[in-house]
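Enquirer: For reference, the structure I am asking about is given below.
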């Protein structure tokens, strides 16, 4: 019943917009080579399921590999940055700069470095998704409750103890916020990587575009969005399980 | 309460001497604020001292300096040994601090929160557990050891915080407006509980508050600080019975003490 009440509101605009698009395209108000009818998109998914499913699997493998890489290196980098104010001042500006580099512009460079194939795609997913992990982890680690830091000092805790028993666990809610953003970005990074490095849904989009198959482009885009959504949902689930016990108490920390 | 008290008075309270303690803060524009202008104060071993004063009078700063979480710009704070000499430092277990809010670790259950100080000091797990259970017993929380802070009421969280402070059997207990965020009924209960804990353990207690009634009700001695510079405006022995129960709250003697403290604050 509760699930139904949560699903119903977003379902209404979905049905309404799909129906309106179907009507506009079938009625000839919009040309179908610009915007395919929703039925045509679903038909394209049905007819090309084998190819699309395989592409989706490949994209999700690359996206997840890139995401896992940025999770580990991002958290490790944030811990290093948090270790001293000097290190932070020296290196954090470069992390910010790194984020502003458009992935689409460096994708050709990635191909030169890693060649055609999955490595390039993973590298692209990694490059776009690492920054939110670093930024959120760092801000989480640095915003530890001062009273608790005092408490740890009072009992002579070592910096390592303070990091592992206080700063890092206290930063978990913010780390998960970063991971949620990073998960969506990793899928985008993988698709962009595939435009140039080849393979997966990115290739499907690129090839279908040259064949004027707008329905197939839409089909691939739709599946890519679903992939991002699934990854986002997975992180939400893990975060929910991890933080289950202390959710309500975040404000009283 | 009294019957659950264990190891009564195993570690006597410490005596402290503050000599010309001065603390000045500087903001980003280099404006200087004299929080404590130069304080001389002797705190006897096993004393229950209330430090009373308006917000911003330097009470918390004083407490942090006594806990050695902050250093005075000049002057010194000496811990005296029983023989009258200076005590060696570095005994982590001897000082405990209770904050205005409970400040528990939300990812740990009540038992592990109470055992935290011992864990940080490197005490082995079985001993940690035993001592944490004893401390939780003293604040009547044994039925909640497996629960998480999010599942507790404000008063229960504060009791966990108190147990966490007691777990090392401290000789000096510092409390910074510990019950200020609680409702009055819960506060009344915790006041009585804290007083009983002190009676059974006889550690030195320094209790910072801006509640006149709480200071008079709890302490054996009250010090009133001025709004600026933390000058001592009144230093008084509270003349009330050793045992403080809630009946005392309506006692005219308590009213008399409160009147004196209020007079010193408004002076």
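Residue numbers (this note's numbering), protein chains in the order written: chain A, 294 to 546; chain B, 2 to 268.
Here a beta-carbon is modelled for each residue, glycine too, at the ideal position from N, C-alpha and C.
For chain A, check one thing: does any of its Cβ atoms lie closer than 9 Å to the Cβ of residue 96 of chain B?
Expert: Residue mapping note: residue 96 of chain B aligns to position 95 of the second chain, counting from 1. So yes, residue 96 of chain B belongs to the interface.
Enquirer: Could you give the distance in angstroms between the alpha-carbon of residue 115 of chain B and the alpha-carbon of residue 481 of chain A?
Expert: Position 114 of the second chain, counted from the first residue, corresponds to residue 115 of chain B. Position 188 of the first chain, counted from the first residue, corresponds to residue 481 of chain A. Answer to the nearest angstrom: the Cα atoms are 46 Å apart.
Enquirer: Tell me the residue span of the beta strand (DSSP E) that contains residue 237 of chain B.
Expert: As a first step, residue 237 of chain B is located in the second chain; it is residue number 236 there, counting from the start. Taken as a continuous stretch (DSSP letters only), the beta strand (DSSP E) holding residue 237 of chain B covers 233-238.
Enquirer: In this structure, how does DSSP classify residue 220 of chain B when only helix, strand and coil are distinguished?
Expert: Numbered from 1 along the second chain, position 219 holds the residue referred to as residue 220 of chain B. In this structure, residue 220 of chain B counts as coil in the three-state DSSP scheme.
Enquirer: By the DSSP assignment, the alpha helix (DSSP H) with residue 256 of chain B in it spans what residues?
Expert: In the second chain, the residue the question calls residue 256 of chain B occupies position 255. Element bounds for residue 256 of chain B: 253-267.
Enquirer: Within 9 Å (strictly less), CB to CB, does residue 199 of chain B reach chain A?
Expert: Within the second chain, residue 199 of chain B is the residue found at index 198, counting from 1. No, its Cβ sits nowhere closer than 9 Å to a Cβ of chain A.
Enquirer: I want to see whether chain A comes within less than 9 Å of residue 62 of chain B, judged by CB atoms only; does it?
Expert: The residue you call residue 62 of chain B lines up with position 61 of the second chain. So no, residue 62 of chain B is outside the interface.
Enquirer: Could you list the residues in the region 428-461 of chain A with a C-beta less than 8 Å from some C-beta on chain B, going in chain order?
Expert: 438, 440, 441, 443, 444, 445, 446, 447, 448, 449, 450, 454, 458, 459
Enquirer: What residues from chain B crowd round residue 539 of chain A, counting only those whose CB sits closer than 8 Å?
Expert: Position 246 of the first chain, counted from the start, is the residue given in the question as residue 539 of chain A. Going along chain B in sequence order, the residues near residue 539 of chain A (Cβ under 8 Å) are 107, 108, 149, 150, 151.
Enquirer: CB-CB under 7 Å to residue 2 of chain B, same chain, minus the five flanking residues each way: which ones, in chain order?
Expert: Walking along the second chain from the start, residue 2 of chain B turns up at place 1. Model confidence at residue 2 of chain B stands at a pLDDT of 40, short of 50, so the residue's coordinates are unreliable and nothing is read from them.
Enquirer: So which residues on chain A does residue 68 of chain B lean against when the C-beta distance must stay under 7 Å?
Expert: To locate residue 68 of chain B, count along the second chain from 1; it is residue 67. The contacting residues are 447.
Enquirer: Closer than 9 Å, CB to CB, is residue 464 of chain A near chain B or not?
Expert: For this step, residue 464 of chain A is matched to residue 171 along the first chain. No, residue 464 of chain A lies away from the interface with chain B (no Cβ there is under 9 Å from its Cβ).
Enquirer: If you count every other CB in all the chains shown that lies within 10 Å of the CB of residue 265 of chain A, and 16 or more means buried, which is it?
Expert: This structure cannot settle anything about residue 265 of chain A, because the visible part of chain A is limited to 294 through 546.
Enquirer: DSSP puts residue 44 of chain B in a beta bridge; with which residues?
Expert: For this step, residue 44 of chain B is matched to residue 43 along the second chain. BP columns for residue 44 of chain B point to B:17.
Enquirer: Pull up the distance between the alpha-carbon of residue 1 of chain B and that of residue 174 of chain B, whole angstroms please.
Expert: An answer regarding residue 1 of chain B cannot be provided, because it is not within the stretch 2 to 268 covered by chain B.
Enquirer: Could you check if residue 365 of chain A is buried or exposed, using at least 16 other CB atoms within 10 Å of its CB as the buried criterion?
Expert: Translated into the one-based positions of the first chain, residue 365 of chain A becomes position 72. Residue 365 of chain A comes out exposed.
Enquirer: Report, in whole angstroms, the separation of the C-beta atoms of residue 359 of chain A and residue 419 of chain A, which I expect to be a contact under 8 Å.
Expert: Stepping through the first chain from its first residue, residue 359 of chain A is reached at position 66. Stepping through the first chain from its first residue, residue 419 of chain A is reached at position 126. At roughly 4 Å, the Cβ-Cβ gap stays under 8 Å, so residue 359 of chain A and residue 419 of chain A are in contact.
Enquirer: Assuming residue 445 of chain A and residue 121 of chain B make a contact with CB atoms under 8 Å, what is their CB distance in whole Å?
Expert: On the first chain, position 152 is the one that residue 445 of chain A refers to. On the second chain, position 120 is the one that residue 121 of chain B refers to. Contact holds; Cβ gap of about 6 Å.
Enquirer: Which partner residues of residue 207 of chain B appear in the DSSP bridge assignment?
Expert: Position 206 of the second chain, counting from 1, holds the residue named residue 207 of chain B. In the DSSP output, where bridge partners are listed per residue, residue 207 of chain B has B:50, B:175.
Enquirer: Who does residue 80 of chain B pair with in a DSSP beta bridge?
Expert: On the second chain, residue 80 of chain B is found 79 positions in, with the first residue counted as 1. In the DSSP output, where bridge partners are listed per residue, residue 80 of chain B has B:17.
Enquirer: From residue 450 of chain A to residue 490 of chain A, what distance separates their C-alpha atoms?
Expert: Here residue 450 of chain A corresponds to residue number 157 of the first chain, with the count starting at 1. Here residue 490 of chain A corresponds to residue number 197 of the first chain, with the count starting at 1. In this structure, the alpha-carbon of residue 450 of chain A lies about 49 Å from that of residue 490 of chain A.
Enquirer: Strictly below 7 Å CB to CB, what residues from chain A border residue 122 of chain B?
Expert: Taking the first residue of the second chain as 1, we reach residue 122 of chain B at position 121. The answer, in chain order, is 448, 449.
Enquirer: From A:430, A:508, A:393, A:437, pick the residue whose C-alpha is nearest to that of residue 421 of chain A; which is it?
Expert: The residue given as residue 421 of chain A occupies position 128 in the first chain. Residue A:393 is the option with its Cα nearest to residue 421 of chain A.
Enquirer: Once you ignore the five residues that flank residue 388 of chain A on each side, which residues in its own chain have a CB closer than 6 Å to its CB?
Expert: Here residue 388 of chain A is taken as the residue at index 95 of the first chain, counted from 1. These residues qualify, in order along the chain: 427.
Enquirer: If distances are taken between C-alpha atoms only, which option among A:515, A:508, A:509, A:479 comes closest to residue 524 of chain A?
Expert: One-based indexing of the first chain puts residue 524 of chain A at position 231. Answer by Cα proximity: A:479.
Enquirer: Locate the beta strand (DSSP E) running through residue 96 of chain B, then write down its first and last residues.
Expert: Here residue 96 of chain B refers to the residue found at position 95 of the second chain. Taken as a continuous stretch (DSSP letters only), the beta strand (DSSP E) holding residue 96 of chain B covers 96-99.
Enquirer: With a floor of 4 residues, list each alpha helix (DSSP H) that falls wholly inside the region 367-394 of chain A, ordered by position along the chain.
Expert: DSSP runs (the alpha helix (DSSP H)) wholly in the region 367-394 of chain A: 378-393.
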